[in-house]
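Numbering (our numbering), first residue to last: 43 to 467.
Positions of the beta carbon are idealized from the N, C-alpha and C atoms, including for glycine.
Computed from a predicted model, the values in this text were never measured in an experiment.
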């Protein structure tokens, strides 16, 4: 299995920086495009072309296929040239966006957006693979940190573009289609220019993989179910699901909430205001990294604090929505997203890493990522459905409060269970 024993590595930092810049730009732009329906939702609903439920279902269909196929994408990028999957994803996504620009039939858009997820199935695994194996070894840690900002930056830019384009939201998809084609071309040119700087070398990770394999063999007698029951991962999965409901769900729905609740707020203004909410999620990650592990070593304690603070904020939104200035409501929602966004590093990264010593880290990460993706799906279907059925957002925000309270209750129950688990060496 030569492909698994050898890898291509760039032999200088200048080439490594160029590769990193190309990957960040490519992945950020494709993240921009996959948020098209979310960012244009308020304009589509205002025009009367689709309901909130239909728009939310289109977004959900993307994440259903996207989440399932990530596992397949990871396996394939380990066996074939990952850079080719990035090109395929960019060109395929561009074609899907182009079809939607010319045809806004609901079924056509649903099929195209689902296909969009399919063609992107290996873009993130390929991006991760190239950064973790091809960049010079001394650059990899910082490079992996930098690439985490590509997704939120792409998301922010998606709403910026939507706000600029405004009511002619169809142009949003044309812009993405053309942009994806250009980015695909630039990516190919950039990667080919790096070939003279590539060296074929024995994968330095092979020895590590062998050691990890030995560890897994030593712990193979411990079933994941046994570890899961000891750690309370079932409760943690529920928390990951609820957290993602409020992180990505509220981000996508904020423009529509503001537009429906305030006569003075146009779709364009609502979309522009949502950029504040999106940026607050990035700030939440910084806050989480500041308090953990310097002040808090138990991830469930941090999550309990975040959910606890978010409950009164949700209550304020419930009682004040439509009654006070929309600026105050935006601030409240931004604070909720800040804490829910901050919880991301716990439910998707740090908690999963605790299972590594049992050889179950990958399994835990996969399960938690699956539940987080389902949270995205649910937020784009359930919340808009409640709003459509009740003719407003009061009941929906009431559901937020209930779910926040449930999450706080579950996290407090899990704190001692998780604390005992992480102290057990």
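- Following the DSSP letters along the chain, one finds residue 147 in no alpha helix (DSSP H), marked with neither H nor E.
- If you look at residue 54, you'll find it isn't in any alpha helix (DSSP H); DSSP assigns it neither H nor E.
- DSSP places residue 241 in the strand class (E or B) of the three-state scheme.
- Counting only residues of its own chain and dropping the five nearest sequence neighbours on each side, residue 437 has a CB closer than 6 Å to the CB of 428.
- Cβ contact annotation for residue 341 (same chain, cutoff 6 Å, sequence separation greater than five): 388, 392 and 393, in chain order.
- By the Cβ test, the stretch 61-81 is in contact with the stretch 209-225, since at least three Cβ pairs between them sit closer than 8 Å.
- The closest CA to that of residue 98, considering only 132, 148 and 131, is found on 148.
- By the Cβ test, the stretch 99-112 is not in contact with the stretch 226-233, since fewer than three Cβ pairs between them sit closer than 8 Å.
- Contact between residue 160 and residue 111 is confirmed by a C-beta separation of about 7 Å, below the 8 Å threshold.
- In its own chain, leaving out the 5 sequence neighbours on each side, no residue places its CB closer than 7 Å to the CB of residue 305.
- In the DSSP assignment, residue 331 falls within the unbroken alpha helix (DSSP H) covering 309-333.
- Residue state for residue 458 is assigned as helix, using DSSP reduced to three classes.
- Judged by pairs of C-beta atoms under 8 Å, the stretch 407-425 touches the stretch 284-295, as three or more such pairs exist.
- DSSP, read as helix, strand or coil, puts residue 178 in coil.
- Beta-carbon to beta-carbon, residue 296 and residue 375 are separated by about 6 Å, close enough to satisfy the 8 Å threshold.
- When DSSP states are grouped into helix, strand and coil, residue 392 belongs to the helix group.
- Excluding its 5 nearest sequence neighbours in each direction, residue 322 has C-beta neighbours in its own chain below 8 Å: 376, 377, 379, 380 and 383, listed in chain order.
- Pairing residue 52 with residue 177 gives a Cβ-Cβ distance under 8 Å.
- Listed in chain order, the non-local C-beta contacts of residue 57 below 7 Å within the same chain comprise 236 and 239, local neighbours out to five positions each way being set aside.
- For residue 203, the uninterrupted alpha helix (DSSP H) segment begins and ends at 192-207.
- Annotation: residue 121 is outside any alpha helix (DSSP H) and is labelled neither H nor E by DSSP.
- Under the three-state reduction of DSSP output, residue 162 falls in the coil class, being neither helix nor strand.
- Per the Cβ contact rule, the stretch 203-211 is not in contact with the stretch 126-135 (fewer than 3 Cβ pairs under 8 Å).
- Its chain contains 198, 201, 202 and 205 as the residues whose beta carbon lies nearer than 8 Å to that of residue 317, once the 5 sequence neighbours on both sides are disregarded; these appear in chain order.
- When the Cα atoms are used, residue 122 and residue 368 turn out to be separated by approximately 51 Å.
- Judged by their CB atoms, residue 162 and residue 135 are nearer to each other than the 8 Å cut-off.
- The C-beta of residue 349 has 16 or more other C-beta atoms within 10 Å across all chains shown, which makes the residue buried.
- Here residue 100 has 79, 151, 152 and 155 as same chain residues with Cβ atoms under 7 Å from its own Cβ, once five neighbours each way along the sequence are excluded.
- Counting along the chain, residue 366 sits inside no alpha helix (DSSP H), nor does DSSP assign it H or E at all.
- Across the set 327, 454, 68 and 157, the C-alpha of 68 shows the shortest separation from the C-alpha of residue 232.
- Bounds of the alpha helix (DSSP H) holding residue 290 are 275-303.
- Remark: C-beta atoms of residue 272 and residue 71 do not approach each other more closely than 8 Å.
- By the neighbour-count criterion, in which 16 or more other beta carbons inside 10 Å mark a residue as buried, residue 362 falls on the exposed side.
- DSSP places residue 397 outside both helix and strand once states are collapsed to three, so it counts as coil.
- In the displayed model, residue 231 falls within a helix according to three-state DSSP.
- Secondary structure note for residue 84: its alpha helix (DSSP H) is the uninterrupted segment 78-89.
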